[in-house]
Amino acid sequence: FRGNTRLEEACEMYTRAANMFKIAKNWSAAGNAFCQAAKLHMQLQSKHDSATSFVDAGNAYKKADPQEAINCLNAAIDIYTDMGRFTIAAKHHITIAEIYEAELVDIEKAIAHYEQAADYYKGEESNRQVLFATCSANKCLLKVAAYAAQLEQYQKAIEIYEQVGTNTMDNPLLKYSAKEYFFKAALCHFIVDELNAKLALEKYEEMFPAFTDSRECKLLKKLLEAHEEQNCEAYTEAV
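Sequential numbering from -6 applies to the sequence shown in the numbering used here.
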């Protein structure tokens, strides 16, 4: 018991020190102190406190050492997944993805973390907060689709846009967004192959009749027509 008391006191001291370093804007020192506190909490079998300290460490390191921030957030994610707290783990996967986007400019790794976050959110769709889980998963998947298209991975982008479009079209609160996702899927088809774009457009209209009268669908039809006729003026006008 005495050993535990000493560890608890050490945790408190590290946390106090970390907060003092934050006030002084010494982000690396703050991150390190929070990290030490997290390790001691783990020795005390305080999983929740350990994860919280790792997140605090990650947030401090974000301002000084992005890679170390990722290491701390991954440590927190491991604890949260072990505890079955997948929604919280997903949130931190998004933070890591954003660090890869903005700080380390590694789009492939950002994609991997957005995909993992989406998987965790989708796993929570059976719980009470179904709409929140669905929206959060969709948001992550749309990030993946946008980057896939940017990397010319058009088939992957198409599959995701179609998946999200199908998920949203039957939901009264989300269905108005479906036309945008089918539009983006059709554009990706258009870049690869004109005939596939036509077939995809027909499929989307059949699946989601409201798409037919949308601005997006009309624009696509004009673009396809202008492209087929090699009419540059009509193409430019449509765009």
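Glycine included, each C-beta is placed from N, C-alpha and C at the ideal position.
Taking a 10 Å sphere around the C-beta of E155, we find 16 or more other C-beta atoms and assign the residue as buried. Sorting T74, I16 and G51 by C-alpha distance to the C-alpha of Q29 places G51 at the top. Contact check between the stretch 92 to 100 and the stretch 119 to 134: fewer than three CB pairs, one atom from each, fall below 8 Å, which does not count as touching. Short of 6 Å from the beta carbon of K56, and not among the five residues preceding or following it, lie these beta carbons of its own chain, in chain order: W20. Linking M200 to L167 through their CA atoms gives a straight-line distance of about 16 Å.
In this structure, the beta-carbon distance from Y113 to A141 does not fall below 9 Å. Straight-line measurement puts the Cα of C65 at about 7 Å from the Cα of V48. If the five residues before and after E61 are omitted, its C-beta is found closer than 6 Å to the C-beta atoms of Y54, all from its own chain and listed in chain order. Straight across, the Cα-Cα distance linking E209 with A130 is about 24 Å. In this structure, DSSP gives S21 a helical state, which the three-state scheme calls helix. With respect to the 9 Å criterion, L213 and F183 are classified as neighbours on the basis of their beta carbons.
When only Cα atoms are considered, K18 and S46 end up about 18 Å apart. Each residue's CA atom was taken as its position, placing K132 and D71 some 23 Å apart. The shortest C-alpha to C-alpha distance from D186 to any of K215, F204 and Q148 is the one to Q148.
Just measuring C-alpha positions, the residue of N164, A3, A105 and Y73 sitting nearest I87 is A105. The three-state secondary structure of P59, taken from DSSP, is helix.
Comparing C-alpha distances from V98 to each of P59, K115, L217 and L33 shows the shortest one belongs to P59.
Leaving aside the five residues that flank D75 on each side, the residues in its chain whose CB is nearer than 8 Å to its CB run, in chain order, K40. A residue is called buried once 16 or more other Cβ atoms fall within 10 Å of its Cβ, and T(-2), having fewer, is exposed. Ranking N160, V137 and A150 by CA distance to the CA of T127 puts N160 first.
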